[in-house]
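Quick notes on the structure that follows.
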RNA sequence: GGAGGGGUGGCAGAGUGGUCGAAUGCGGCGGUCUUGAAAACCGUUAUCCCGUUUACGGGAUCGGGGGUUCGAAUCCCUUCCCCUCCGCCA
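In the working numbering, the protein residues as written are 83 to 504.
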């Protein structure tokens, strides 16, 4: 969310952001609603003054009339407020100037690439074939249980997955992140705070809470949702809180299962473990003061942690500066780290490092008291630490040998108990 | 799943229809006293919004939403959360 005052005063900037981010929102309608709501609110305030007077003198006649007028005005105001609020949630963050402008990922710009790319003396197989043959994954039975995009991770793959998570956690601990295991079943508020709702509602699993047989009892009940990332919890956990500047930055790490419907990408990556409905993730979220230099410093720091992990795993990777249309409405800037998958013969996303500035903080109402005394919204950043089993696919494809066996990366051997899977 | 109690300012805690944005205590800030500090005493101390704009005016807020009433922290409905007891269960 942006400040409505900022929107009013920087209309061209906001309109441009809407354009380059490919967001569908009628900004003129928003401004019209803003005018209406402010003028109605003023009238209501005046009526309230009169109401107080009438109540003091116990003037029933006048009071009734004022009450009537108030109710009429309120009835007018309510739908305006609702529509205003709904539109406000769709206004995107103004993107960083360095981000390439373009509607989709084809405009992403490579800004860094590792030194050496792998060379194979044979034609590398993809992870589906490798994992199936080595009994590391069972896709057929996974589908039997879950349906389309189902999978079962098995044997060394299962061990490696939690080894990877553990490696990520060790890096988080070294850097004094607070390690958490937050809820993945979340209320709607949490998804609005973190910015996933209303835009990404399609991608979120909804749970029926209780009393589902009894419609009358269920209508008012709060529905619950399955979070697509621990970011949801890590952002919302501090909603309606005010930090002291000296306590920032707050560095949080969340371990969680993640759930995504992948509606809208039915045709994409329909096999394997690249795009699935449930996976595990270790996520970083950092809350800092509203300062661009601090924001950039932390952004680079967070990205470097991910790069360090990939370097430990000796995987070929690159970093791309994500284009405005691909980064998501709330983001100020986003760098994707991509790993080369020799079997797929393509770069595959490992994770995204993002800064949203105060866009989430305004939704979640997270502030800090600056040393100067004034209260400001915090800046919030997030980055993937480990996402698995996707990462396993990249490992298997890169560490395969001609006979179909897979070497276990050195840093993972202590979790798997062997050097080679065959 | 059943029965009951409760959500009030930074914290504790009064207030059950008007005089309440809210007693009192603690904490915070400023001052008096003191060589300094403590104690004591005096004063002050919520957030948000709108308009005017250095001091200003007004409004909203007692978990959230709705209702009753001339008037709601207070009454009613609903929802969220916390606590106690019983039951069930990992």
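Every residue, glycine too, gets a C-beta built ideally from N, C-alpha and C.
Source: prediction; values computed, not measured.
* Asked: So who's on the other strand from residue 451, going by DSSP bridges?
  -> Counted from its first residue, the first chain places residue 451 at position 369. According to DSSP, residue 451 bridges with 326 and 457.
* Asked: How would you write the range of the alpha helix (DSSP H) that residue 282 sits in, first residue to last?
  -> For the purposes of this step, residue 282 is identified with residue 200 of the first chain, where counting begins at 1. Per DSSP, residue 282 lies in no alpha helix (DSSP H) segment and is marked neither H nor E.
* Assign residue 84 to buried or exposed, taking buried as 16 or more other Cβ atoms, counted over all protein chains shown, within 10 Å of its Cβ. => The sequence position of residue 84 within the first chain is 2, counting from 1. Buried is the call here.
* Counting only runs that start and end within the region 364–412, where is the alpha helix (DSSP H) found for 4 or more residues in a row? -> 374–394
* Over what stretch of residues does the alpha helix (DSSP H) that includes residue 478 continue unbroken? -> Position 396 of the first chain, counted from the start, is the residue given in the question as residue 478. Bounds of the alpha helix (DSSP H) holding residue 478 are 472–480.
* Asked: residue 114 bridges to which residues according to DSSP?
  -> Translated into the one-based positions of the first chain, residue 114 becomes position 32. BP columns for residue 114 are empty, so no partner.
* To do: Grab the span of the alpha helix (DSSP H) containing residue 158 for me, first residue to last.
  => Locating residue 158 in the first chain gives position 76, counting from the first residue. If you look at residue 158, you'll find it in the alpha helix (DSSP H) that goes 142–170.
* What residues are listed by DSSP as bridge partners for residue 415? -> Here the question's residue 415 lines up with position 333 in the first chain. Answer by DSSP bridge pairing, in chain order: 437.
* To do: Determine the closest residue to residue 125 out of 171, 432 and 153, with distance taken between C-alpha atoms.
  => Position 43 of the first chain, counted from the start, is the residue given in the question as residue 125. Among 171, 432 and 153, the Cα nearest to that of residue 125 is on 153.
* To do: Report yes if the C-beta of residue 102 is less than 7 Å from at least one heavy atom of the ligand ADP; otherwise report no.
  => Although the ligand ADP was asked about, the structure shown includes no ligands whatsoever.
* Residues bridged to residue 469 [DSSP beta-bridge criterion] -> As a first step, residue 469 is located in the first chain; it is residue number 387 there, counting from the start. In DSSP, residue 469 forms a bridge with 363.
* One or two residues paired with residue 308 in a DSSP bridge -> Locating residue 308 in the first chain gives position 226, where the first residue counts as 1. In DSSP, residue 308 forms a bridge with 267 and 287.
* Name the residue from 242, 200 and 201 whose alpha carbon lies nearest to the alpha carbon of residue 219. => Translated into the one-based positions of the first chain, residue 219 becomes position 137. Ranking the options by Cα distance to residue 219, first place goes to 242.
* To do: With a 10 Å radius around its C-beta and 16 neighbouring C-beta atoms as the bar for buried, classify residue 414 as buried or exposed.
  => Stepping through the first chain from its first residue, residue 414 is reached at position 332. The residue in question, residue 414, is buried, as its Cβ has 16 or more Cβ neighbours within 10 Å.
* Between the beta-carbon of residue 493 and the beta-carbon of residue 371, is there less than 8 Å? -> Numbered from its first residue, the first chain carries residue 493 at position 411. Numbered from its first residue, the first chain carries residue 371 at position 289. In this structure, residue 371 does not lie closer than 8 Å to residue 493 by Cβ.
* To do: Could you tell me whether the region 372–380 touches the region 448–468, where touching means 3 or more Cβ pairs closer than 8 Å?
  => Yes: at least three Cβ pairs fall under 8 Å.
* **C-beta atoms of residue 398 and residue 479 nearer than 8 Å** => Along the first chain, one-based indexing puts residue 398 at 316. Along the first chain, one-based indexing puts residue 479 at 397. No, these two residues do not count as a Cβ contact at 8 Å.
* Taking the DSSP output, what are the residues bridged to residue 341? -> Taking the first residue of the first chain as position 1, residue 341 is located at position 259. Looking at the DSSP assignment, residue 341 forms a beta bridge with 360.
* **Presumed contact (8 Å Cβ cut-off) between residue 181 and residue 404, rounded CB distance** => Translated into the one-based positions of the first chain, residue 181 becomes position 99. Translated into the one-based positions of the first chain, residue 404 becomes position 322. At roughly 7 Å, the Cβ-Cβ gap stays under 8 Å, so residue 181 and residue 404 are in contact.
* Report the rounded CA-to-CA distance for residue 380 versus residue 150, giving the unit in angstroms. => For the purposes of this step, residue 380 is taken as the residue at position 298 of the first chain. For the purposes of this step, residue 150 is taken as the residue at position 68 of the first chain. About 55 Å.
* Asked: Would residue 305 be called buried (16 or more neighbouring beta carbons within 10 Å of its own) or exposed?
  -> Against the first chain, residue 305 aligns to sequence position 223. Taking a 10 Å sphere around the C-beta of residue 305, we find fewer than 16 other C-beta atoms and assign the residue as exposed.
* Asked: Under a three-way DSSP split, which group does residue 240 fall into?
  -> Here residue 240 refers to the residue found at position 158 of the first chain. Residue 240 falls in the helix class under three-state DSSP.
* With 16 as the cutoff for other CB atoms within 10 Å, does residue 299 come out buried or exposed? -> Walking along the first chain from the start, residue 299 turns up at place 217. Note that residue 299 scores a pLDDT of 41, beneath 50, so its modelled location is shaky; the value from the coordinates is reported in the next line. Counting Cβ neighbours within 10 Å, residue 299 comes out exposed, since fewer than 16 surround it.
* Asked: For residue 115, which of 240, 160, 488 and 209 has the nearest alpha-carbon?
  -> If you number the first chain from 1, residue 115 lands on position 33. The shortest C-alpha separation from residue 115 is found at 160.
* **Cβ pair residue 340, residue 326 closer than 8 Å** => Numbered from 1 along the first chain, position 258 holds the residue referred to as residue 340. Numbered from 1 along the first chain, position 244 holds the residue referred to as residue 326. Taking 8 Å as the Cβ cut-off, residue 340 and residue 326 do not qualify as a contacting pair.
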